[in-house]
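Below you'll find the structure, written out as structure tokens, and then a few comments.
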Ligand code: COA
Ligand code: AMP
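Residue numbers (the UniProt record's numbering): 1 to 644.
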């Protein structure tokens, strides 16, 4: 790295976190946003550890994402490209068209008594209506909560009961390879299980999907409405002025317990942080095409399919398809070529999927991807092997960057818009301006030597755009993130800095696992397994998977007297998880044991089990209750095969 590049980055980072300069730094960044009431104050600590950004500012996020670009004369520029590799549909919506649709759908919500602060659940596949629904909520100050389509009805019900929405926006069908996803039966089941806050379900009919024509009738107190009909009747709604700290959305994510945490995001800090990130991390200018190949149901989709590209006047791509099999391993390169994509953002697992099918990048040779100036990867650590393969094959910079649902944008990255910093394989490069990262030992003291793994913590305050708290529970915010290391936000990840200040994020310190970039709680999977009448005890662990990074593996013992044969039990447990959590859990490994390895005090030896399954060296813990249980485990997992 040139000395100037390093100095430039370090100066800026210093300004963004130092007590005397950070306010000026972020107020300057706030100028990229149009405020109805410009902020004069950058930040304020409301309660211990809970900061609010731009507390006296007012704005509307949908206005910033749409109206202001149209007013600036860019109404004809493409805002959204919808490319469905599943159905062959391709649609472009200009900023003017998208604004028109959002105004009308905001009017539909208003007509259904949705007002500021009301919650709306968005349960939609990867279609432009997902963007329309989110921005329509933002326009009238309603709080959206998008639920990923791969979750089962009970997960949807849990979110309904926590967020208490009055309206659900959904579609009659989605497309997954080889099958149609019928959303309406899932919504009906979720409504039957939930406590009854929902008054209206608005359905986007996708009758073109076989078996998914919208077929519903009003039930109980719930009215079922047709999106297209309502949109035709709608009175367009103008954007309302909101306080910077008013919630924009709630997004549920897995924690260590079975009940997901509703991460709450504000309007002002979020808009400022995302606009800043587009220019400085991704090096994107208005008019560039930015493609986050994720799903609107995840934080990556919220920030980088919907909000950030539109806040910065770029063009976003919403892609309904997979990296492979729709129809081939050239699908991503085809999209990059067709739309002259500047930056592609996806998860390492997608790149591994392409590599597995097309190791020599034969498909790539059929496409011109010269428009691509960056491949950004997140969701799990970018393993050096995948890094080298992509870097050598694509001839464009490959950037690993680390973040979480809670932060909403990158904590560590190679900020390509700021400086030309060399990448080191296996590292997420440097802390992003705004994040003061410290590696703490188990007692909360900074580790003394570089290269030593510890808990990755962020000194408070967190920068703008990060979580306001956990929906409905101030205590949970404190206990989940702030109490472990007073004065710091505990990320739940472990890792280290090297001598050059590069950060290496190595894994979680808790029971959260990452399956194909999807965050799951092993605790919630265990809760499901114990629902089976034959199961006495169980442990679910994240074990290594060459494609998905990790996969969930379940280890169960039977109740005394249970006579069910093992194959039947395994099949029933797999079906139970699919039914309760959803296909996204991709749960297929079950091992039935006589006993689980435990300490004398009864704690399950999860780490040892994982090491044995992954074939890693391990030491027999001195506190083990019975070492012979490990031999039985080795025998059982030897030849453990995923169930079909
Ligand atoms: N709605 C309904 N079901 C869904 C779904 C959705 N939106 N998304 C996934 N599923 C289902 C899949 O159909 C699959 O079901 P199946 O068991 O019937 O086959 C199951 O959930 C597991 O899906 P997935 O984890 O995606 O595995 P896969 O084998 O279908 O595909 C990859 C593997 C690597 C190709 C895929 O995970 C991928 O493209 N990942 C990209 C990573 C990503 O988007 N990460 C988000 C954070 S950046
Ligand atoms: P999610 O909230 O679903 O985005 O998942 C966040 C978690 O994914 C983090 O806490 C990490 O454990 C993991 N993660 C995301 N990006 C990376 C990365 N670039 N390197 C290592 N781990 C990552």
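Note that the Cβ used here is the ideal one computed from N, Cα and C, for glycine as well. From a predicted model like this one, the values you see are computed outputs, not experimental measurements.
Between the stretch 251–266 and the stretch 119–127 there are fewer than three C-beta pairs closer than 8 Å, too few to call the two in contact. Three or more beta-carbon pairs separated by less than 8 Å link the stretch 4–18 to the stretch 423–439, which places the two stretches in contact.
Rounded to whole angstroms, the separation of the alpha carbons of residue 320 and residue 633 is 41 Å.
Not one heavy atom of the ligand COA is found less than 7 Å from the C-beta of residue 26. Listed in chain order, the alpha helix (DSSP H) elements of length 4 or more contained wholly in the stretch 456–489 are 474–477.
Per DSSP, the beta-bridge partners of residue 550 are 544. For residue 27, the CB contacts under 6 Å within the same chain, skipping 5 residues up- and downstream, are 42 in chain order. Taken through DSSP and simplified to helix, strand or coil, residue 223 comes out as strand. By the CB criterion at 8 Å, residue 167 and residue 232 fall outside the cutoff.
When the Cα atoms are used, residue 329 and residue 369 turn out to be separated by approximately 14 Å.
The three-state reading of DSSP puts residue 92 in strand, counting E and B together. Remark: fewer than three beta-carbon pairs, one from each stretch, lie closer than 8 Å, so the stretch 550–558 and the stretch 617–628 are not flagged as touching.
DSSP places residue 128 outside any beta strand (DSSP E); the residue lies instead in the alpha helix (DSSP H), whose first and last residues are 128–140. Judged by their CB atoms, residue 386 and residue 422 are not nearer to each other than the 8 Å cut-off. No heavy atom of the ligand AMP is found nearer than 7 Å to the CB of residue 550.
Take the alpha-carbon of residue 438 and the one of residue 505: they are about 12 Å apart.
At least one heavy atom of the ligand AMP lies closer than 7 Å to the C-beta of residue 400. Beta-bridge pairing by DSSP links residue 261 to 253.
In the structure shown, residue 151 falls within a coil segment according to DSSP collapsed to helix, strand and coil.
A direct Cα-Cα distance of roughly 42 Å separates residue 495 from residue 87. In this chain, the beta strand (DSSP E) harbouring residue 376 covers 374–377. Under the three-state reduction of DSSP output, residue 371 falls in the coil class, being neither helix nor strand. For secondary structure counted as the beta strand (DSSP E) over 3 or more consecutive residues, the stretch 257–341 holds these complete runs in sequence order: 261–266, 289–292, 315–320.
Residue 593 places its beta carbon 8 Å or farther from that of residue 599.
Taking the CA atoms as reference points, residue 90 sits about 15 Å from residue 97.
A straight-line Cα-Cα distance of about 23 Å links residue 332 and residue 519. Your pair residue 146 and residue 122 checks out as a contact, with CB atoms roughly 4 Å apart and the cut at 8 Å. Counting the other Cβ atoms within 10 Å of the Cβ of residue 356 gives fewer than 16, which makes it exposed. With contacts defined as CB atoms closer than 8 Å, residue 267 and residue 61 qualify as a contacting pair. Using a 10 angstroms sphere on the CB of residue 220, the tally of other CB atoms stays under 16, which defines it as exposed. Comparing C-alpha distances from residue 508 to each of 583, 469, 532, 404 shows the shortest one belongs to 404.
Ranking 562, 401, 499, 339 by CA distance to the CA of residue 410 puts 401 first.
Where residue 511 is concerned, there is no enclosing alpha helix (DSSP H), because DSSP gives it neither an H nor an E. The stretch 576–594 and the stretch 522–538 touch, with three or more beta-carbon pairs separated by less than 8 Å.
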